[in-house]
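Structure record follows, encoded as structure tokens.
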Amino acid sequence: GENVEQHPSTLSVQEGDSAVIKCTYSDSASNYFPWYKQELGKGPQLIIDIRSNVGEKKDQRIAVTLNKTAKHFSLHITETQPEDSAVYFCAASKDSSASKIIFGSGTRLSIRP
Amino acid sequence: DAGVTQSPTHLIKTRGQQVTLRCSPKSGHDTVSWYQQALGQGPQFIFQYYEEEERQRGNFPDRFSGHQFPNYSSELNVNALLLGDSALYLCASRPGTAETQYFGPGTRLLVL
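Those sequence lines, one after another, are chains A and B.
Using the working numbering, read the first sequence as starting at 5 and increasing by one per residue.
Using the working numbering, read the second sequence as starting at -4 and increasing by one per residue.
Given below as structure tokens:
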């Protein structure tokens, strides 16, 4: 069945350093890959997304890469700041309506001052 | 412009009871989806509503049902509650066939 694996489950980086979170997906028909940030007591917030016809996308300090052949995609956060501390989820969807999103298990990112 | 809103924020029920959770989508959004997020896990898709009909469903039993009203707001009903139904229930909305979904803050349900 559809599955998204995410690692690491926890990540601690020094403020100013980069953080990388990696995911793999099982269904080769997946074509939409959003990343969400969830802060304590809040719902997930979309921070960036990428579609299968694009290999890389960047938005300020955040970038995502997608390798369709290997079914891998990654989130890169550069120049990390204390407000980047949160749980990050990768996800994948294969239908055009994209409502059924399969989420990874999450990465708890902590930024050390 | 208000985002996705959900009520109540917290709820405590006992096993066997029934619960109704409510969601108002973001303005201009007509498609609503519900997700269950157990502690320490990613959200799991329950179902999607569009034009007042259930369009897609995840691997959840029939105890989970929903409804969408003409104003696009939605309800999630869970019957015969089990301890394992304790979770954060998230509502997400999007306009039409757009891919980006916006999540509400969730309703935290505790079943004792």
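Backbone N, C-alpha and C define an ideal beta-carbon position, used for all residues, glycine too.
### Query
What does residue 16 (chain B) reach in chain A if we use C-beta pairs closer than 8 Å?
Against the second sequence, residue 16 (chain B) aligns to sequence position 21. Near residue 16 (chain B) there are no residues of chain A at all, since even the closest Cβ is about 13 Å away, more than 8 Å.
### Query
Which full runs of the beta strand (DSSP E) of 3+ residues lie inside the segment 46 to 78 of chain A, going along the chain?
49 to 55, 60 to 63 and 66 to 71
### Query
For a contact meaning CB atoms closer than 9 Å, what does residue 93 (chain A) contact in chain B?
Here residue 93 (chain A) refers to the residue found at position 89 of the first sequence. Here the neighbours are 37 and 38.
### Task
Determine the burial state of residue 111 (chain A): buried for a count of at least 16 other Cβ atoms within 10 Å of its Cβ, exposed for fewer.
If you number the first sequence from 1, residue 111 (chain A) lands on position 107. The residue in question, residue 111 (chain A), is buried, as its Cβ has 16 or more Cβ neighbours within 10 Å.
### Task
Spell out whether any CB of chain B is found under 7 Å from the CB atom of residue 48 (chain A).
Working through the first sequence from its first residue, we reach residue 48 (chain A) at position 44. With 7 Å as the cut-off, residue 48 (chain A) counts as an interface residue toward chain B.
### Message
I want to verify the contact list: residues of chain B whose CB lies under 9 Å from the CB of residue 107 (chain A), in sequence order.
### Response
Position 103 of the first sequence holds residue 107 (chain A). Residues of chain B passing the Cβ test: 30, 32, 36, 37, 38, 39 and 40.
### Query
Within the 7 Å Cβ cut-off, does residue 26 (chain A) reach chain B?
Mapped onto the first sequence, residue 26 (chain A) falls at position 22. Not an interface residue.
### Message
Can you list, in chain order, the residues of its chain with a C-beta nearer than 7 Å to that of residue 32 (chain A)? Leave out the 5 residues immediately preceding and following it.
### Response
As a first step, residue 32 (chain A) must be located in the first sequence, where it is residue number 28. Here the set comprises 75.
### Option in B:79, B:51, B:87 and B:62 with minimal Cα separation from residue 72 (chain B)
Mapped onto the second sequence, residue 72 (chain B) falls at position 77. Closest option to residue 72 (chain B), judged by alpha-carbon separation, among B:79, B:51, B:87 and B:62: B:62.
### Task
Answer with yes or no whether the minimum CB distance from residue 29 (chain A) to chain B is below 7 Å.
The sequence position of residue 29 (chain A) within the first sequence is 25, counting from 1. So, not an interface residue.
### residue 12 (chain B): contacting residues in chain A (beta-carbon distance under 8 Å)
Taking the first residue of the second sequence as 1, we reach residue 12 (chain B) at position 17. Result: empty, since nearest Cβ-Cβ is about 25 Å, beyond 8 Å.
#### Entry: Cutoff 6 Å; reference residue 38 (chain B); Cβ partners in own chain excluding five residues on either side
Within the second sequence, the letter at position 43 stands for residue 38 (chain B). The residues are 30, 32 and 85.
### Task
Could you please tell me which residues of the segment 60 to 93 of chain B, in chain order, have their CB closer than 7 Å to any CB of chain A?
85 and 92
### Task
Could you tell me whether the Cβ of residue 103 (chain A) comes closer than 7 Å to any Cβ of chain B?
Position 99 of the first sequence, counted from the start, is the residue given in the question as residue 103 (chain A). Answer yes: the Cβ-Cβ gap between residue 103 (chain A) and chain B drops below 7 Å somewhere.
### Query
Could you give the C-beta distance for residue 18 (chain A) and residue 90 (chain A), rounded to a whole number, given that I count them as a contact under 8 Å?
Position 14 of the first sequence, counted from the first residue, corresponds to residue 18 (chain A). Position 86 of the first sequence, counted from the first residue, corresponds to residue 90 (chain A). Actually they do not touch by this definition, with Cβ atoms about 17 Å apart.
### CB contact below 7 Å: residue 32 (chain B) versus chain D
Checking the listed chains, one finds no chain D in this structure; the protein chains it contains are A and B.
### Task
Please confirm if the segment 14 to 28 of chain B is in contact with the segment 85 to 99 of chain B, defined as three or more CB-CB distances below 8 Å between the two stretches.
yes
### Query
Measuring CB to CB, does residue 15 (chain B) end up less than 7 Å from residue 70 (chain B)?
Here residue 15 (chain B) corresponds to residue number 20 of the second sequence, with the count starting at 1. Here residue 70 (chain B) corresponds to residue number 75 of the second sequence, with the count starting at 1. Yes, they are a contact pair.
### Query
Residues in its own chain within less than 7 Å of residue 63 (chain A) by CB, not counting five upstream and five downstream?
In the first sequence, counting from the first residue as 1, residue 63 (chain A) sits at position 59. Here the set comprises 52.
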